[in-house]
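Q: Take this structure first; my questions come after.
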Amino acid sequence: DTGVSQDPRHKITKRGQNVTFRCDPISEHNRLYWYRQTLGQGPEFLTYFQNEAQLEKSRLLSDRFSAERPKGSFSTLEIQRTEQGDSAMYLCASSLTSGRAYEQYFGPGTRLTVT
Amino acid sequence: AQKVTQAQTEISVVEKEDVTLDCVYETRDTTYYLFWYKQPPSGELVFLIRRNSFDEQNEISGRYSWNFQKSTSSFNFTITASQVVDSAVYFCALPSFQKLVFGTGTRLLVSP
Chain R
3 DTGVSQDPRH
13 KITKRGQNVT
23 FRCDPISEHN
33 RLYWYRQTLG
43 QGPEFLTYFQ
53 NEAQLEKSRL
63 LSDRFSAERP
73 KGSFSTLEIQ
83 RTEQGDSAMY
93 LCASSLTSGR
103 AYEQYFGPGT
113 RLTVT
Chain Y
161 AQKVTQAQTE
171 ISVVEKEDVT
181 LDCVYETRDT
191 TYYLFWYKQP
201 PSGELVFLIR
211 RNSFDEQNEI
221 SGRYSWNFQK
231 STSSFNFTIT
241 ASQVVDSAVY
251 FCALPSFQKL
261 VFGTGTRLLV
271 SP
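So the protein lines, in turn, are chains R and Y. Here the first sequence stands for residues 3 to 117, numbered as in this note's numbering. Here the second sequence stands for residues 161 to 272, numbered as in this note's numbering.
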């Protein structure tokens with residue numbers, strides 16, 4: 003059984019550049035979530051999809067952030083005009099919508115460093 | 161709003177000691193789930209357990225056990241006979257609609 007995968011695992015970029023991360027969820031999971039985790043903190047919710055529909059966005063998700071899940075499978079998270087405050091671990095998770103819903107399974111994360 | 165408090169920032173123990181990680185939560189929901197996740201140094205969050213508020217029975221899985229007490233809004237996690245591989249950050253979490261609200265985590269250091 004393949005778990006959640008994320009690519010890249012690490013990204014170093016200069017302030018002002020755009021970056022894009024990819025997440026591939028567990029194949030039978032139709033919910034996909036993005037979280038951000040800064041040092042010493044727990045993950046904070048950014049957004050989630052059910053199939054291809056983006057159903058909720060946190061106010062943490064400024065207009066420089068955009069997420070897509072065009073075919074209800076993989077998802078991308080893009081950050082435009084990166085700022086040093088965007089440096090964090092970006093975590094993707096997936097879950098079912100019934101039965102064992104709420105059990106979110108996480109990928110290894112993408113660690114972003116903005117210099 | 162849902163809130164999770166993990167007051168212990170870091171705990172250090174020697175291998176084979178028992179250790180309890182505390183979690184206190186706040187919710188207005190009458191039924192809810194609670195979760196524990198483990199984050200080893202590699203960074204991936206590993207799901208450990210989900211408990212339903214209907215079920216206050218303690219649960220044991222190998223060296224891990226969980227004590228859920230609605231009266232004190234606590235969901236504590238005990239590792240018996242700790243091992244070096246248990247070294248990680250442990251998070252307690254509570255669903256808020258479809259997302260999880262996490263505590264700030266407790267870092268557990270198990271030395272040989």
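From the three backbone atoms N, C-alpha and C, an ideal C-beta is built for every residue, glycine too.
Which runs of the beta strand (DSSP E) at least 3 residues long sit entirely within the segment 200 to 270 of chain Y? Give them in chain order.
A: Those beta strand (DSSP E) runs which fall completely within the segment 200 to 270 of chain Y and span 3+ residues are 206 to 212, 219 to 221, 224 to 229, 234 to 239, 248 to 256, 259 to 262.
Q: So what's Gln162 of chain Y in DSSP terms, helix, strand or just coil?
A: As a first step, residue 162 of chain Y must be located in the second sequence, where it is residue number 2. Of the three classes helix, strand and coil, the one that applies to Gln162 of chain Y here is coil, per DSSP.
Q: Strictly below 8 Å CB to CB, what residues from chain Y border Gln86 of chain R?
A: Locating residue 86 of chain R in the first sequence gives position 84, where the first residue counts as 1. Going along chain Y, no residue has its Cβ under 8 Å from Gln86 of chain R, so there is no contact; the nearest lies around 20 Å.
Q: For Gln43 of chain R, name the three-state secondary structure that DSSP assigns.
A: As a working note, residue 43 of chain R is residue 41 in the first sequence. Coil, per DSSP.
Q: Given a limit of 9 Å on CB to CB distance, which residues of the segment 25 to 37 of chain R reach chain Y?
A: Going along the segment 25 to 37 of chain R in chain order, one finds Arg33, Tyr35, Tyr37 with a Cβ nearer than 9 Å to chain Y.
Q: Taking 6 Å as the cut-off, does the CB of Asn212 of chain Y come closer than this to any heavy atom belonging to the ligand FAD?
A: This structure lacks the ligand FAD; in fact it carries no ligand of any kind.
Q: Counting only C-beta atoms, is Gln43 of chain R closer than 7 Å to chain Y at any point?
A: The residue given as residue 43 of chain R occupies position 41 in the first sequence. Chain Y contact via Cβ: present.
Q: Looking only at its own chain, which residues have a Cβ that is under 7 Å from the Cβ of Thr49 of chain R, when we skip the five neighbours before and after it?
A: Numbered from 1 along the first sequence, position 47 holds the residue referred to as residue 49 of chain R. Hits under 7 Å: Trp36, Gln56, Glu58, Lys59, Ser60, Leu63, Ala69.
Q: How would you list, in chain order, the residues of chain Y whose beta-carbon sits under 7 Å from the beta-carbon of Gln106 of chain R?
A: As a working note, residue 106 of chain R is residue 104 in the first sequence. The answer, in chain order, is Leu260.
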